[in-house]
Every structure is written in structure tokens, then in C-alpha cells.
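Asker:
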Amino acid sequence: DERALRNVSDTAVKRVTVEMINLREKSVAGYVFTKNLGAWRLVGIQRENLSQNRNSDFLNFYRRFAADEKFQRSHVAPSFELSVIDPDSYEPLQGTADASQWMLYAPVFPSNIITNVDYGQKYEDNGKRVFVVSSVDGMMSSTITFRKRGSRWLAVKIDNN
Numbered sequence: 001d002e003r004a005l006r007n008v009s010d011t012a013v014k015r016v017t018v019e020m021i022n023l024r025e026k027s028v029a030g031y032v033f034t035k036n037l038g039a040w041r042l043v044g045i046q047r048e049n050l051s052q053n054r055n056s057d058f059l060n061f062y063r064r065f066a067a068d069e070k071f072q073r074s075h076v077a078p079s080f081e082l083s084v085i086d087p088d089s090y091e092p093l094q095g096t097a098d099a100s101q102w103m104l105y106a107p108v109f110p111s112n113i114i115t116n117v118d119y120g121q122k123y124e125d126n127g128k129r130v131f132v133v134s135s136v137d138g139m140m141s142s143t144i145t146f147r148k149r150g151s152r153w154l155a156v157k158i159d160n161n
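Residue numbers for the sequence shown follow the working numbering, so the first one is 1 and each next one is one higher.
1. So, under 8 angstroms CB-CB, V133 and F109 are touching, yes? Tell me the CB distance rounded to an integer number of Å.
2. Fully enclosed by the stretch 82 to 156, which beta strand (DSSP E) runs are 3 residues long or longer?
3. Could you check the C-alpha separation between N53 and Y90 for me, to the nearest Å?
4. On the three-state DSSP scale, how would you describe E69?
5. Starting from V43, follow the beta strand (DSSP E) in both directions and report where the run begins and ends.
6. Check for me: the beta strand (DSSP E) holding N55 runs from which residue to which?
7. Given this structure, state the Cα-to-Cα distance separating N116 from V28, to the nearest angstrom.
8. Give the range of the beta strand (DSSP E) segment to which V16 is assigned.
9. Do M140 and N160 come within 9 angstroms of each other at the CB atom, strictly closer than that value?
10. Here's a check: name, in chain order, each residue in its chain whose Cβ is nearer than 6 angstroms to the Cβ of V156, leaving out the five neighbours to either side.
11. May I ask you to verify whether the stretch 40 to 47 touches the stretch 89 to 104, counting CB pairs closer than 8 angstroms and requiring at least 3?
12. The beta strand (DSSP E) that contains T34, what's its start and end?
13. Any idea if E19 is buried or exposed, counting beta-carbon neighbours within 10 angstroms, 16 or more meaning buried?
14. Taking the straight line between their C-alpha atoms, what separation do you get for D125 and D57?
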């Protein structure tokens, strides 16, 4: 969620788990790091099947969402929140868009390996996930918010910057 995104720059964080999620092989490797005297050290590696991961419900949904365009289109809210940068003024533009416009704004979603950085956040079953897709250089990114409605995950917001 948004609080976890703020933890990226929190210097008080002392333990981080970087999960390498292999969607094709349905496996997760968690690399556990602790900070001691200002230095980060790898202290453990945890391996599990995707089905054992605490985010398995969302990750199994995401596997299909990233790989199947028809499935992706059917899992966008009828109208979604949108924030983009105006190409002329470079000012943010905010509003809503119709689900039929989703593909105009959606990034290319990684469908093989993704990472999740766990800063100690709690994964309560709140039916919300925030997913960030970044360019290799980190200069461009899309932040997509998913909400679970009933048993279905839907993309409800996209922020492109």
C-alpha cells in the first residue's frame, strides 16, 4: 500500500526482505537483509512455492493479468482513476477514464519475474494492492492500484509519471 511505498526512504528500517517472484515457475525466493551499524547484510534466504506465499491470491491473479490481454481488460473497473503528466506543460493531469481506454495508459506488465520489497509491512486481507512498474533507469514508472471486489481483483487507479 501507500505506506509501504514511503518506507523506501525510511532510514529507521532495519530489516528488509526482497522477494524474487518467478511467475512462470510459481516460486518465490526471499532474500532477508538486516541493517547493523549502517551496513546491510544478507542473513537468510527463504524459498517457497507461490501457493505458500502470503500474497498468493493476488500473485495468482496477477500472473494471468500480465500474460493475457483479454483477461486484463476484463479486470479493469468500469471507470478508473487516472493521473498522467501533460506532455505540453509537464503538469499532472487527474481524472477518470473509461475501462475501454485502459490499454492507452497501461504499462507493459512484467510476466516472468517480479520483485516485492517487504519493509515489514503487514499484509492484512484488506483487498488492496499497489503495484509499481518502473523503467530500467527508474525515470518513468506507473503505479497501479488494485482492489478486490467480491472474489475479483480489479485495476481501479493508474498513476503514470
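Heads up, the beta-carbon is just placed ideally off N, CA and C, and yes, glycines get one too.
Answerer: In brief:
1. 6 angstroms
2. 92 to 98, 113 to 118, 128 to 134, 141 to 149
3. 40 angstroms
4. helix
5. 39 to 49
6. Per DSSP, N55 belongs to no beta strand (DSSP E) and is neither H nor E.
7. 10 angstroms
8. 15 to 22
9. yes
10. A77, F80, T145, R147
11. no
12. 27 to 36
13. buried
14. 10 angstroms
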